[in-house]
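Numbering (our numbering), first residue to last: 35 to 171.
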């Protein structure tokens, strides 16, 4: 029995509960899941007006990255929702969203004028709800 106890002591991992609002030093406008963490069930969209909205990864129908400056997502939810993320250097974010590995996404503060051009930036996030069609009447 002593061997079993020592095996548990040797293989003890990181704490089960962690703060999910950690920061990547402020360089990225999103937080991805770190190595060893379970993927989240939902991701949060943080708008510049202070609004937070959460969406389940299970409802995402499509993630489309036209170029490195625009990501378009559609959901299966009711009402159908489209999320449009615009900025620059967003291809990594599109890959992470497709894999369900993002905790939150935030619009970059427009007052931050000294942000380097090579850093990923989200200039705007638009959330559009489409009404349920009335064709079954």
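We put the CB at the ideal spot given by N, CA and C, even for glycine.
Which residues DSSP lists as bridging residue i, in chain order
i	result
residue 73	For residue 73, which the question treats as bridged, DSSP gives no partner whatsoever.
residue 95	According to DSSP, residue 95 bridges with nothing at all.
residue 80	86 and 140
residue 101	104
Where the alpha helix (DSSP H) containing residue i begins and where it ends
i	result
residue 126	125-132
First and last residue of the uninterrupted beta strand (DSSP E) at residue i
i	result
residue 143	Here residue 143 belongs to no beta strand (DSSP E), and DSSP marks it neither H nor E.
residue 121	114-122
residue 90	86-90
residue 135	That residue, residue 135, is in no beta strand (DSSP E); it is neither H nor E in DSSP.
residue 162	155-164
Within 8 Å, strictly: CB atoms of residue i and residue j
i	j	result
residue 76	residue 61	no
residue 156	residue 117	no
residue 102	residue 125	yes
residue 99	residue 128	yes
Anticipated Cβ contact below 8 Å, residue i with residue j, distance rounded
i	j	result
residue 113	residue 163	5 Å
residue 161	residue 141	Not really, about 12 Å apart at Cβ, beyond 8 Å.
residue 154	residue 63	6 Å
residue 105	residue 130	About 10 Å separates the two Cβ atoms, so there is no contact after all.
residue 108	residue 96	5 Å
Check whether the stretch 92-104 and the stretch 136-143 touch, using three or more Cβ-Cβ pairs below 8 Å as the test. no
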